[in-house]
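> Mind looking over this structure? Questions follow.
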Amino acid sequence: MQFDLSSVETATMVFVGTLVFALVIVLFIAAAAFVALVLLGVGRLAWFIVAGTLLALVHGINHAWDRVLHHTAASELPADLTGQPSPSTGSYPRVALRDS
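So that you can map any letter, position 85 of the sequence shown is 118 in our numbering, and since no number is skipped, the others follow by simple counting.
Written out as C-alpha cells, the structure reads:
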C-alpha cells in the first residue's frame with residue numbers, strides 16, 4: 034500500500050510538523066539541562082576536593098607549628114647563653130628606637 038502525502042490535509046501536516054518541532058525543542062532543552070547538571074556536579078565535586086585539600090593543609094601546618102612550639106618550650110637553653118648580659122643602648126632599655 035502506497036501512502037500518498039498529497040492526500041493529507043495541510044492543517045494535519047502543520048499540526049504534525051508542530052509536534053515534531055516541539056519534540057526537537059524539548060529534547061534540546063532536556064539535553065542542555067542534563068549537561069548543566071553534570072557540569073554543576075563536577076564543579077561542586079572539584080570545589081569539595083579543593084576545599085578539603087586546603088583545609089587539611091591548614092590543619093597540618095597548625096599541627097606542625099604546635100609540635101614545634103611544644104618541642105621548643107620543652108628544650109633548655111645551653112648554659113653559655115644564659116650568663117651573657119644583653120647589649121645596652123645607653124640609658125634606655127633594649128627597644129627599637131624610632132626617629133621622633
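All C-beta atoms in this analysis are idealised placements derived from N, C-alpha and C, irrespective of residue type, glycine included.
Quick caveat: nothing in here was measured; it's all calculated off a predicted structure.
How is the alpha helix (DSSP H) around PHE36 delimited, first residue to last?
That residue, PHE36, is in no alpha helix (DSSP H); it is neither H nor E in DSSP.
> Suppose contacts are defined by Cβ-Cβ distances below 9 Å. Is LEU56 in contact with MET46 by that definition?
Not in contact: LEU56 and MET46 (Cβ atoms no closer than 9 Å).
> Do you know offhand how far ILE58's Cα is from VAL71's?
If I take the Cα positions, the gap works out to 20 Å.
> Which of helix, strand or coil does DSSP assign to VAL41?
Of the three classes helix, strand and coil, the one that applies to VAL41 here is coil, per DSSP.
> Only counting the same chain, and skipping five residues up and downstream in sequence, which positions put a Cβ closer than 6 Å to that of ARG77?
For ARG77, where only same-chain residues beyond five positions count, there are no Cβ hits under 6 Å.
> In whole angstroms, give me the CA-to-CA distance for SER60 and PHE67.
The displayed chain sequence assigns Leu, not Ser, to residue 60. So the two alpha carbons sit approximately 10 Å from each other.
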